[in-house]
Amino acid sequence: MSPLAIIQGTPTWVWLLLVFLAYRGIKALHGGTTPLSKLAIVPLVFAGLGIAHMLHEPLAGWSAALAWIIGIGAGIAAGLFTASRTRFIVDPVARSVMLPGSFVPLLLIAVTFIAKFWLGFEMATVTNVAALMNYVLIDAAVSGVVAGMFAGRFITYWRAMNECTGTSAISGTGGTRG
Numbered sequence: 003m004s005p006l007a008i009i010q011g012t013p014t015w016v017w018l019l020l021v022f023l024a025y026r027g028i029k030a031l032h033g034g035t036t037p038l039s040k041l042a043i044v045p046l047v048f049a050g051l052g053i054a055h056m057l058h059e060p061l062a063g064w065s066a067a068l069a070w071i072i073g074i075g076a077g078i079a080a081g082l083f084t085a086s087r088t089r090f091i092v093d094p095v096a097r098s099v100m101l102p103g104s105f106v107p108l109l110l111i112a113v114t115f116i117a118k119f120w121l122g123f124e125m126a127t128v129t130n131v132a133a134l135m136n137y138v139l140i141d142a143a144v145s146g147v148v149a150g151m152f153a154g155r156f157i158t159y160w161r162a163m164n165e166c167t168g169t170s171a172i173s174g175t176g177g178t179r180g
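Residue numbers for the sequence shown follow my numbering, so the first one is 3 and each next one is one higher.
What follows is the structure in structure tokens.
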């Protein structure tokens, strides 16, 4: 199958999702202040897509669900680790987070889109059931890890927000008061 045929055969919603996620990733390059609620969007999108795919994939059973759960746990741990080592400032009054510019969200989005696109292609074209089952498990794990990484970052900011008292702000990397 030619690359052009693969691109033409891809549903429109996939390209719209790519545009939205790329926009969010490019926006993260510049940093700035963002409402905490907006930082919940990307982990929810990735978690929702992962769960929806498992619900609609006939071969996704308990093993795929377990792969997703393990993946999300590992992703949350990685997201907590990376976000806690990043400088950020929370404003409890505005319920916002000031984040420095970072390539990490764009890189995660790009790697995830490429991996999921490849997995989707393989699952649509493979004829061997054992290979298909492996792709389903890998897909579930990738979905869990990515959703978990973004969720771990969100949890870090949410925790810092909730640790604030009054109008003081808390910065990341050690939780020092600003």
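Note that the Cβ used here is the ideal one computed from N, Cα and C, for glycine as well.
Residue i - containing alpha helix (DSSP H), residue span
i: residue 100; result: From DSSP, residue 100 is part of no alpha helix (DSSP H) but of the beta strand (DSSP E) over 98-101.
i: residue 14; result: 14-32
i: residue 149; result: 131-165
i: residue 82; result: 64-86
i: residue 46; result: 43-58
i: residue 113; result: 106-127
i: residue 61; result: Looking at the DSSP string, residue 61 is not in any alpha helix (DSSP H), and its letter there is neither H nor E.
Which residues DSSP lists as bridging residue i, in chain order
i: residue 37; result: 98
Residues of its chain near residue i, where Cβ-Cβ distance is below 7 Å and the 5 sequence neighbours each way are ignored
i: residue 4; result: none
Identity of the residue in the options nearest residue i by Cα
i: residue 148; options: 17, 30, 51, 19; result: 51
i: residue 91; options: 39, 99, 81; result: 99
i: residue 84; options: 9, 155, 163, 161; result: 155
i: residue 15; options: 138, 115, 157; result: 115
i: residue 140; options: 111, 62, 6; result: 62
i: residue 78; options: 49, 56, 135, 101; result: 49
i: residue 135; options: 37, 163, 65, 153; result: 65
Neighbourhood of residue i by C-beta, 8 Å cutoff - its chain only, sequence neighbours within 5 removed
i: residue 104; result: 30, 31, 33, 88
Within 7 Å, strictly: CB atoms of residue i and residue j
i: residue 11; j: residue 74; result: no
i: residue 27; j: residue 107; result: yes
i: residue 54; j: residue 143; result: no
i: residue 128; j: residue 59; result: no
Chain C within 7 Å of residue i, Cβ atoms only
i: residue 119; result: The structure shown contains no chain C; it holds only a single protein chain.
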